[in-house]
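Chemist: Quick one: the structure is below, questions incoming.
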Amino acid sequence: MNYVAKMLDMPAMRVYEVATFYTMFNREPIGTNFVQVCTTTPCMLMGSTDVLNTVCDHLGGIKVGETTKDGKFTVVEVECLGACSNAPMLAVNDDFYEDLTPETTRKILDAFARGEKPKPGPQSGRRTSENSAGLTALTTPPYGPGQHCQPEFQ
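Each residue of the sequence shown is one higher than the one before, counting from 335 in the working numbering.
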């Protein structure tokens, strides 16, 4: 980072400020699979503590911020990955895995350990972020042109 500061002709502290503020900048080497577990309030309320503990335990008891001895996984805790309606969730590299339980979390990690890439998105069977209880709105066909208008406007 000192090299970057010198190249940009700026104080080194400015480079360090940016590098330590944004979670996408890593100051240490990371594993092949970068596991980011969201622990913001919506995820925490839906069980992210269990997900985080499962990740760390399943990867040999590593702690947050550590990399497995084989270099395959690095685990970090992050604030809000932006899929709160599908909490709890984690990201592995560039993909989101949502609606997690300890069981689905282990399956995802096992797939990556085998060199496979599991299907991203909700792991509960629902599509995208639809209501887990099913549709509750927009359950009838939309009105056609002129329907439900005063007679003079039809």
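We put the beta carbon where it would ideally sit given N, CA and C, even for glycine. Keep in mind that this is a model prediction, so the values were computed, not measured.
First and last residue of the alpha helix (DSSP H) that includes D384?
Modeler: Residue mapping note: residue 384 aligns to position 50 of the sequence shown, counting from 1. Here the alpha helix (DSSP H) through D384 covers S382 to H392.
Chemist: In the DSSP assignment, the beta strand (DSSP E) including E351 goes from what residue to what residue?
Modeler: Here residue 351 is taken as the residue at index 17 of the sequence shown, counted from 1. Here E351 belongs to no beta strand (DSSP E); instead the alpha helix (DSSP H) covers A346 to F355.
Chemist: Give the single residue among P422, G405, I442 and K403 whose Cα lies nearest to the Cα of E411.
Modeler: On the sequence shown, residue 411 is found 77 positions in, with the first residue counted as 1. When only C-alpha atoms are compared, the closest one is P422.
Chemist: Beta strand (DSSP E) containing E432: first to last residue?
Modeler: As a working mapping, residue 432 is identified with position 98 in the sequence shown. Where E432 is concerned, the enclosing beta strand (DSSP E) stretches over D429 to E432.
Chemist: With H, G and I counted as helix, E and B as strand and the rest as coil, what does DSSP make of L424?
Modeler: Here residue 424 corresponds to residue number 90 of the sequence shown, with the count starting at 1. In the structure shown, L424 sits in a strand (DSSP, three-state: E or B).
Chemist: Taking Y431 as the reference, which of F368, V398 and G399 has the closest Cα?
Modeler: Along the sequence shown, read from residue 1 onward, the residue named residue 431 stands at position 97. Y431 has its Cα closest to that of F368, out of F368, V398 and G399.
Chemist: Nearest-angstrom Cα distance between K403 and R448?
Modeler: Indexing the sequence shown from 1 puts residue 403 at position 69. Indexing the sequence shown from 1 puts residue 448 at position 114. For K403 and R448, the distance between alpha carbons rounds to 16 angstroms.
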